[in-house]
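Counting along the sequence shown from 1, when you hit position 495 you're at 645 in this note's numbering, and nothing is skipped either side. From the three backbone atoms N, C-alpha and C, an ideal C-beta is built for every residue, glycine too. Below: one structure, written as structure tokens.
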Amino acid sequence: MFKNLLEDLLNYIKTRTFVLGVICAVMIGILVHRLFDLQIINGEDYLNTFTYRIQKDTEIESPRGTIYDVNGVPLAYNKLSYSITLEDSTLLTDNQTKNTMIAKLVNFVESTGNTLIYDIPLQMDEEGNMSFSAGEGTVLRFKKDVYSSETLTDEQKNATAEDVYQYMRGKKFFNLDESYTDEEALKILSVRFDLWMKRYEKYLSVTVANDVNDQLVAAVEENADVLPGVSVKQDYTRVYADSKYFSNITGYIGSISEDELAEYKEQGNDSYSLNDQIGKAGAESYFESKLKGTKGSQKLYVNSLGSVLEVAEKTDPVPGEDVYLSIDAELQKTAYDKIEERIAGILLTYMSDKTTKTDSDVMIPIKEFYYALIDNNVISLDHLSASDADNQEKTFWNNYKNYESDTSSSMEDKMGTALKDLNDEYKSYLMMAYNMLKDREILNTGNLDDNDETLSEWNAGNISFNDLIEYAITKDIVNISSLNLSSDYLNTEEIYNALLSYVKEELPLYEGFEKKAIYYMLQNDYISGADICLLLYSQNVLEKDDDYEKLLSGDMSAYNFMYTKIYNLEITPDMLALPPCSGSYVVTDVNTGKVKALVSYPGYDANQINNVKYYSSLINNESSPLYNRATQQTLAPGSTFKPISAIAGLEEGVIDEDTWITDNVTYTKVEPHANCWDSSGHGTINVEQAIEYSCNYFFYEVGYRLGSNNNTTELSDSKGLTLLAKYASMFGLDSVSGLELPETTPKISDESVVRSAIGQATHNYTAAELTRYVTAIANSGNLYQLSILDKITDSEGNVLEENQPKLTSKIELKQSTWDIVHRGMYKVCNESSYRSKMGNLEVTLAGKSGTAQVSETLPNHGLFIGYAPYEKPEVAATLIIPNGHGSSNVLDLYADLMCYYFNVPYNNSSDEEGESTTARTANIPAQDIRAD
């Protein structure tokens, strides 16, 4: 039996089953031993050394190319810096933990003196009122993103800023509890929203703060355990050197929007992502494809906290190309400063110690200067009632509240008086109340007939506010649901009383009322100019100095204070936004069309453009610093157009160099009659002298002859305008100049050939377009496309592209026509009454002045176009000061700028020869000649 068992056992051992069983047993034994080793013998050591690893593919940003001036001076460059980024972390699983962590991060950012990137279009004033901080298109896109729908309901489309804020804060979205203040919540929402917008792009981070200091870097690294997903990233910060001088040229970069990203993808460009910065304006935008470079990439392994364990693969980025502009930085800066100094000087020339003005008075009452500090938001009205307001601010605010209370009480009595019988103050309040009711759709006047008699009587000022309200109620155009009344069933008297109560309560809160009331407080001497000026120190617009003590004690009058501060450029024209407050200057190389200076005053600091508060201040600045005056502001050219009229007359044969016309001052061939600018007349003159003296009468006759077949037929404006347009087009005035910047399309006049011939009627051109035209005159017919580009190089300095002159056309005129126009423009500067300001210089100038009338209430524009040297032109230039009280205020400035370019002294310089000054002051123009 034993033998049989042994044989069976031996036979079994020989089977495959046994062999497999042994193998399995050995493997199980090894596994058990390994598990015992891992769990029991070395378990604690392995636990301590275990590292969670995850693969992460990331992009490496390419350094953006540098923008240089023509001499290699950097205008926009990169500075190596650190930024704080955040990506979604698996360790944060719900809204509460995410909100708590982001609140800590925000606190770290701000407590270390850094600035949080805040880029949702919601803002809150100091009284806690929410509003949108962007245009309609941006807000609509924002709402679509918030509500996650491309098709918004009416309720969503009409949602107020408060509605959107409450939705984002609520349980359906980010669920911020009541422990956060509104101010704290907005910052958390901004970060949460940016991260949420990247929810479909795994591991794509958002930047929370740029260019941060070492203190924040240390804080983030030391607290990494409570800041999952937060990283310190070595980055590049874009820096704009001397930005106010060049911002209209360089533009700026900013975060790419969803619409911009979609547009790039439609063009087949997939290299951008939502975390990218792109050129938003100016050269940064136009040369985006050159400056951008090519991103690199890397494959990383990171731990659960996001720390890099290993770089597995890496492809280095390719830096962007460098753009060299044709702009001369020193010329640009000097011209900008000199324009600001002259505008300040013009303001002081027309500053009056009178308190009121008439429509025909060109002087500006001093109270307008005081009020401008309020109206243009130099002084913050919100801060007057802030918790940290100083005593001066509190006193001012208390005075305002008292005045507001008195006004509200008096207004109830004024509501029964016809508008035309009220003073300007109460008339403006009641018109504001009417507009408020319309804006808030409480008063639906759109439902009335366009010819409604009562509405017409109101607009004419013949009835009272009460009369209008009573009529509106009878016509059932009052939306009582907006009044939040306890019942929808009210009789006429109850609706009437409810409306009046609503106006009394809401009008002081309506946008613009505070400023309006302060204006009349000042006019009525309820407050003084000194009260307003002292607020400049309270709000740190000015640093306290001796003038502060003198103003406070009464040793210096408010008038002298304002004069001094404007003269010393501590208060600049753009801060006041009184006419004039702007200017432009364009210089070209007449042989290439390349632009050497493109000045737009005022400018802005592109380094701060992504700061919401700063950007808002630019938007609300009445001097419009974001508006490129040189390329976008069109205005009538005035007499600078007369050389074209002369060319048209000479080439069409309606005049020649021997044509003599007597200036009779009043031109009676057209109705209404037109007058020459000089009431004494210019006598009997030829075309050269007509250009020299800028004789309106002569050019009225030229225009008339162009439209009447040289006086052989009745005047045809259409025929004459067609001929003028023919020659204006030859000089490029029918199209933009070709600059690599946004430009406004010009307009050649289409009304009244007689008035069009002197540059009035409906002509409208930018400074750049006028410069293109005078460049073609200077070089006798080469019409170039203007350009700000000199060359493009790679990051090593190798030239990739030399910008060659682009000749649009060759203007073919008789040589005698060129000679006449050139001699006439020479005489303007060297033989006319202007010679004391523009003649006898080491460089010979030729040019043409222009004074363009705007309206009866605003000062005339001042323009000058020209070129130099007259003998062999090198550069052409246009100088414009809108509302600058005519061309007489720009003549010497133009000559001074030309002398600076050619490095020769200007005889009329306000500085003593050999004396250098460091402090800039206003340049007050001498009022010793008349000019047109």
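Buried or exposed for residue i, going by 16 or more other Cβ atoms inside 10 Å?
{"i": "residue 996", "result": "buried"}
{"i": "residue 603", "result": "exposed"}
{"i": "residue 1016", "result": "buried"}
{"i": "residue 566", "result": "exposed"}
{"i": "residue 728", "result": "buried"}
{"i": "residue 974", "result": "buried"}
{"i": "residue 898", "result": "buried"}
{"i": "residue 230", "result": "exposed"}
{"i": "residue 431", "result": "buried"}
{"i": "residue 184", "result": "exposed"}
{"i": "residue 423", "result": "exposed"}
{"i": "residue 972", "result": "buried"}
{"i": "residue 848", "result": "buried"}
{"i": "residue 905", "result": "buried"}
{"i": "residue 293", "result": "buried"}
{"i": "residue 823", "result": "exposed"}
{"i": "residue 1080", "result": "exposed"}
What does the alpha-carbon distance come out to for the pair residue i and residue j?
{"i": "residue 408", "j": "residue 227", "result": "26 Å"}
{"i": "residue 541", "j": "residue 684", "result": "11 Å"}
{"i": "residue 1040", "j": "residue 810", "result": "30 Å"}
{"i": "residue 889", "j": "residue 663", "result": "42 Å"}
{"i": "residue 879", "j": "residue 885", "result": "8 Å"}
{"i": "residue 314", "j": "residue 296", "result": "8 Å"}
{"i": "residue 721", "j": "residue 715", "result": "5 Å"}
{"i": "residue 785", "j": "residue 515", "result": "26 Å"}
{"i": "residue 1006", "j": "residue 1048", "result": "33 Å"}
{"i": "residue 374", "j": "residue 578", "result": "59 Å"}
{"i": "residue 1077", "j": "residue 758", "result": "40 Å"}
{"i": "residue 647", "j": "residue 272", "result": "35 Å"}
{"i": "residue 649", "j": "residue 612", "result": "21 Å"}
{"i": "residue 817", "j": "residue 1013", "result": "24 Å"}
Can you give me the Cβ contacts of residue i inside the same chain, cut-off strictly under 8 Å, excluding the 5 residues immediately before and after it?
{"i": "residue 1073", "result": "488, 491, 492, 494, 495, 1043, 1060"}
{"i": "residue 520", "result": "672, 679, 682, 683, 708, 712"}
{"i": "residue 962", "result": "931"}
{"i": "residue 306", "result": "293, 297, 299"}
Residues in the same chain with beta-carbon distance under 6 Å from residue i, minus the five sequence neighbours each way, listed in chain order, please.
{"i": "residue 844", "result": "789, 1082"}
{"i": "residue 945", "result": "469"}
{"i": "residue 592", "result": "629, 632"}
{"i": "residue 866", "result": "857"}
{"i": "residue 414", "result": "422"}
Check whether the Cβ atoms of residue i and residue j lie closer than 9 Å to each other.
{"i": "residue 805", "j": "residue 877", "result": "no"}
{"i": "residue 719", "j": "residue 528", "result": "no"}
{"i": "residue 736", "j": "residue 583", "result": "no"}
{"i": "residue 475", "j": "residue 938", "result": "yes"}
{"i": "residue 265", "j": "residue 259", "result": "yes"}
{"i": "residue 428", "j": "residue 779", "result": "no"}
{"i": "residue 398", "j": "residue 750", "result": "yes"}
{"i": "residue 1083", "j": "residue 550", "result": "As shown, the chain starts at 151 and ends at 1082. That puts residue 1083 outside it, with no answer to give."}
{"i": "residue 1069", "j": "residue 1056", "result": "no"}
{"i": "residue 717", "j": "residue 1071", "result": "yes"}
{"i": "residue 362", "j": "residue 232", "result": "yes"}
{"i": "residue 530", "j": "residue 658", "result": "no"}
{"i": "residue 341", "j": "residue 242", "result": "no"}
{"i": "residue 800", "j": "residue 970", "result": "yes"}
Assuming the contact rule is C-beta atoms closer than 8 Å, residue i and residue j should be a hit. Round their C-beta distance to whole Å, please.
{"i": "residue 907", "j": "residue 853", "result": "3 Å"}
{"i": "residue 787", "j": "residue 909", "result": "4 Å"}
{"i": "residue 1083", "j": "residue 311", "result": "In the structure displayed, the chain extends from 151 to 1082; residue 1083 sits before or after that span and is not available."}
{"i": "residue 966", "j": "residue 807", "result": "7 Å"}
{"i": "residue 234", "j": "residue 366", "result": "7 Å"}
{"i": "residue 978", "j": "residue 999", "result": "7 Å"}
{"i": "residue 445", "j": "residue 237", "result": "Not a contact, Cβ separation roughly 17 Å."}
Here's a check: name, in chain order, each residue in its chain whose Cβ is nearer than 7 Å to the Cβ of residue i, leaving out the five neighbours to either side.
{"i": "residue 776", "result": "754, 768"}
{"i": "residue 1025", "result": "737, 738, 739, 740, 746, 1017, 1018, 1051"}
{"i": "residue 438", "result": "428, 429"}
Return no unless some Cβ of chain C is closer than 9 Å to the Cβ of residue i.
{"i": "residue 668", "result": "Annotation note: the requested chain C is absent from the structure, which comprises a single protein chain."}
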